[in-house]
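Here the protein sequences come in this chain order: A and B. With positions in the first sequence counted from 1, the corresponding number in our numbering is that position plus 468. With positions in the second sequence counted from 1, the corresponding number in our numbering is that position plus 29.
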Amino acid sequence: MKRRITLKDIGTLEGQMIDNQKAGLSALPAPLDNPDDEPGIKELTASQKAKFDISLDGVSAIGLVKPQTREEEEEFVKKFISGLKKLLSKENNWTFLQPLMLSLENCAKCQNCSDACPIYTESGRQEIYRPTYRAEVLRRIIRKHLKKEGRLLSRFTGSDIDLNYKTIARLAELSYRCTLCRRCAQSCPIGVDNGLITHEIRKLFSQEMGIAPKELHQLGTVQHLKVGSSTGTSPKALASFIGFIEGELEERTGKSIKLPVDKEGADILLLHNAGEFISWPENIEAFALIFNAAGIDWTLSSKLAAYDAVNYGVWYDDVQLARIAARHAQAAKDLKVNRMMVGECGHAHKAMLVVSDRVLTGDLNIPRESAIPLLEDIVINDRIKLDPGKNRFPVTLHDPCNLVRLSGIVEPQRRIIRKLCPDFREMEPHGVDNYCCGGGSGFAIMDNANFADWRDIVAGRMKLKQILCAFQNVMSPEVHKYVCAPCSNCKGMIRDLLARYKLTEKHGIHYGGLVDLIANAMVDIKGQFINWEAP
Amino acid sequence: MWLLLLTYACLLIFIAGITWRTYKYASLPVHLRWELYPVAHEIGKAYGGSYLEELDWWHRPRKINLLGESTVFLREIIFFREYFHSNRRYWSFVYPFHLGLFLLVAWLVTLLAGSILTLSGLSVSATTANAWLQIVYYCTLISGIAAFVLGIFGTIGLLVKRSLDEDLRNYTAPIDYFNLAGILLIFLTGLLFWMIEDPSFSAARGFIQGLITSKPSATGPLITITIMLSALFLAYMPFTRMVHYVAKYFTYHKVRWDDEPNKPGSGLEKKLQALLDQPAGWSAPHIQAGQSWVEQVRSNGAPDKADK
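What follows is the structure in structure tokens.
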């Protein structure tokens, strides 16, 4: 029998701590119930293995390059300790110190949170993915190496973790094996939040050591601030995207609608996840269609950083979070709009409406709202003509964690779907008890080395099961089925899940946003707005 | 007399320790919002909705239900509902354990009440003619016995579970066994002194009277051991994670349910502005050393420098 991984192993075990073998994964329901069809996580090439530190689980999310000398290793440890001290200081980490201290000092280690974590359960209960594992490692490092408990006392308190390069490198990777969905926190009777501890570990690495996945930092927030969007879209490129979208909208619906850009004094500045411009232009089109029909006074911004609602800082770096939040608010201020409104982007909801609510002060403190209640108002109060008969296909709703559990926007989207989709079926569990799509906290856009394999096969496994269960009685490919995901990152993740397991091709499962369903039900649009031919 | 002095000292350390711990958490700066839904003070949104579900919420008055919030909090504290629903086996030990501790506090309160009444010249006993005094007597008896029995059952259960269940054992340090064993010892000696030395808890009441009047009372060996262990444990507790009952107030009310919006011109906004004016001393290349948060935000950082 294999020896069980212990906390101490993180700093002592040679080689890889675990193998993400197919055998350990939880079983999938029909039609994916043949384990031989499981795609598996590809092994890295010899050069990748030589370059990246994959000593945690054979997967590299952050692309951490191994130090070449002992001095480099020592420097690495020194920087980590310096960051840890800052993480625990009022001066440097006022942003989250109170919740962090409460979570660090009061865990009863009852493991009630373990079963709440889909990554832990679906991986076959791999010890290192347990929500308490990384949190407890951090606690023990603090006790032994910051509070300087002596040898005897640290044995008594269980703080027997070596602080070396190995421990820290693995901890850095491990902070990207949690989607920050905070289901674990919800299940803790004391209120300890292991998701927050993961968030804080990520911050330490980013804010002190400059270590973060390139998709979140260099290609994410840095590019967002410098070029204008995490997609790399510049203001000039945005103009051509908008032209394309207007053209496509006319082609698709016969309606000639001009997307308002930089309209000063508009009621609403609408912020989309810029991923929509590139991957799901139909989402932008549907918003324009609905807002235009309902007579909403709105605008987009073409200002650097303000045409992209995303704020990847919310996952790993408070400074980057604040910078982007301020750019969004500045654009709203410059356009003299009454309010900012977030489109279908889960983490932008949490970033703009919840977390950075306490970053924006003075003239940047401008009203911020979700677009979903406005959509609800339009649909429920019949401000546009809709025919639910046009949506006669099975629909299930994915609840983005950032929207439901972390922002409390749960019912408006349901009221819309209940009114417009006669064959609506809830996933179980749903609402604030939902499961993450597996792409949360940046995973959906991260693809270093073999990380995307791990993400789809392990992190997204529970969502995959939920989708399959929702459609069990209608698996025939002739029946179009729709997974509604009112969040760009979740859509990206679900797209990848459906593609990896060939579920669109073989079983007719499609995905899309909420506005797509509303636009599809509009009576003055001929045929279907949803393009069922799209992959 | 030494027992009285020890008890006074331990009580003082306990009060100072709890005050220190509470102050420590309470004095931490206001943090960015990190709530988790359901938020118990939202009205009509038990499914987990927030005011962000309302159109134009920014301009509407904020209504919160503090009674509802307290009810949810108390229900969790009194019944351990989260464990009951998600981990019934663990609940079957952790709940009696905590119920034993709650009843122990209730027992001490009834002992205190009985002592004050006795000092006032009234007789707290089973045979007294006054029904109220009888109630105090029986409350003391029942809460004390129930506390010891439930506490012993729960503590043994937790000790066994922690030792046998690998999921728990791997995360349990010697200090955790020590703490549980200490509590078990207190419950055990308590039960023994009731059974052998003090079936009516009159000696226990006598000790509390002694505490009030600073006059030592006659105590047997078992009650002496119980009091000594309890006092020492009381002094030790604030410095361990066993004070999670203090933390729980903050984790729920100041983190999980703290959804107070930062409205322009509010006191909260002023506090935040002061914090944003502080320097952010992080060292990564994209952060400018020594600059305040406001200054950091104005700049784009140093994106050309090589963050990894």
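Ideal placement from N, C-alpha and C gives every residue a C-beta, glycine not left out. In this text, all values refer to a predicted model and were calculated from it rather than measured experimentally.
CB-CB length for residue i against residue j, believed under 8 Å
i        : j        : result
Gly928/A : Glu683/A : With 8 Å as the limit, Gly928/A and Glu683/A do not qualify as a contact, their Cβ atoms being about 17 Å apart.
His179/B : Leu132/B : A quick correction: the sequence has Leu, not His, at residue 179/B. Yes, they are in contact, since the Cβ atoms of Leu179/B and Leu132/B sit about 7 Å apart, within 8 Å.
Arg191/B : Thr201/B : 5 Å
Val947/A : Gly976/A : 6 Å
Val951/A : His866/A : 6 Å
Lys726/A : Thr767/A : Contact flag wrong, Cβ pair sits at about 11 Å.
Phe745/A : Ile752/A : 6 Å
Pro703/A : Ser770/A : 5 Å
Pro203/B : Val900/A : That pair is no contact at about 38 Å.
Asp924/A : Arg968/A : 5 Å
Ala819/A : Ala793/A : 7 Å
Val942/A : Pro862/A : 5 Å
Per DSSP, the bridge partner or partners of residue i
i        : result
Thr767/A : Leu737/A
Gly908/A : Its beta-bridge partners do not exist; DSSP assigns none.
Thr864/A : Arg893/A and Val951/A
Met990/A : Leu854/A
Pro58/B  : Note: Pro58/B sits in no beta bridge, so no partner.
Ser321/B : Pro308/B
Phe177/B : Answer is none; Phe177/B lacks a bridge partner.
Val284/B : Answer is none; Val284/B lacks a bridge partner.
Val533/A : Phe520/A
Secondary structure of residue i, DSSP reduced to three states
i         : result
Leu808/A  : Reading the sequence as shown, one finds Met at residue 808/A and not Leu. Met808/A: strand per DSSP, three-state reduction.
Val729/A  : strand
Met677/A  : helix
Cys578/A  : coil
Ile107/B  : helix
Leu745/A  : Correcting the residue type first, residue 745/A is Phe in the shown sequence and not Leu. Helix, per DSSP.
Leu35/B   : helix
Arg611/A  : helix
Lys476/A  : coil
Pro835/A  : coil
Tyr780/A  : coil
Val326/B  : helix
Ile977/A  : strand
Trp1000/A : coil
Pro250/B  : helix
Pro332/B  : For Pro332/B, the pLDDT reaches just 46, beneath the cut-off of 50, and the residue's location in the model is therefore unreliable, leaving the point undetermined.
Phe1091/A : Given that chain A is displayed from residue 469 to residue 1003, the structure contains no residue 1091/A and the question cannot be resolved.
Val660/A  : coil
Lys337/B  : Residue placement at Lys337/B is flagged as unreliable, the pLDDT there being 45, under the threshold of 50; the coordinate-derived value follows with that caveat. It is coil, neither helix nor strand.
Phe939/A  : coil
Phe520/A  : strand
Val847/A  : helix
Val872/A  : coil
Val527/A  : coil
Phe230/B  : coil
Cys585/A  : coil
Thr513/A  : coil
Ala264/B  : helix
Met569/A  : helix
Gly928/A  : coil
Segment limits, alpha helix (DSSP H) that includes residue i
i        : result
Gly960/A : Ser956 to Arg968
Cys652/A : Arg651 to Gln654
Met30/B  : No alpha helix (DSSP H) contains Met30/B, which DSSP labels as neither H nor E.
Phe709/A : Pro703 to Thr721
Tyr76/B  : Segment: none, Tyr76/B is in no alpha helix (DSSP H) and carries neither H nor E.
Gly551/A : Arg538 to Leu555
Pro203/B : Pro203 to Leu221
Lys801/A : Asp786 to Leu803
Ile636/A : Tyr633 to Leu642
Lys887/A : Pro880 to Leu888
Arg117/B : Arg117 to Leu148
Residue range of the beta strand (DSSP E) that includes residue i
i        : result
Tyr274/B : Premise fails: Tyr274/B lies in the alpha helix (DSSP H), His273 to Phe279, not in any beta strand (DSSP E).
Gly814/A : Careful: Gly814/A lies outside any beta strand (DSSP E), inside the alpha helix (DSSP H) at Gly814 to His817.
Cβ-heavy atom distance, residue i to the ligand PLP, below 7 Å
i        : result
Val947/A : No copy of the ligand PLP occurs in the structure displayed, which carries no ligand at all.
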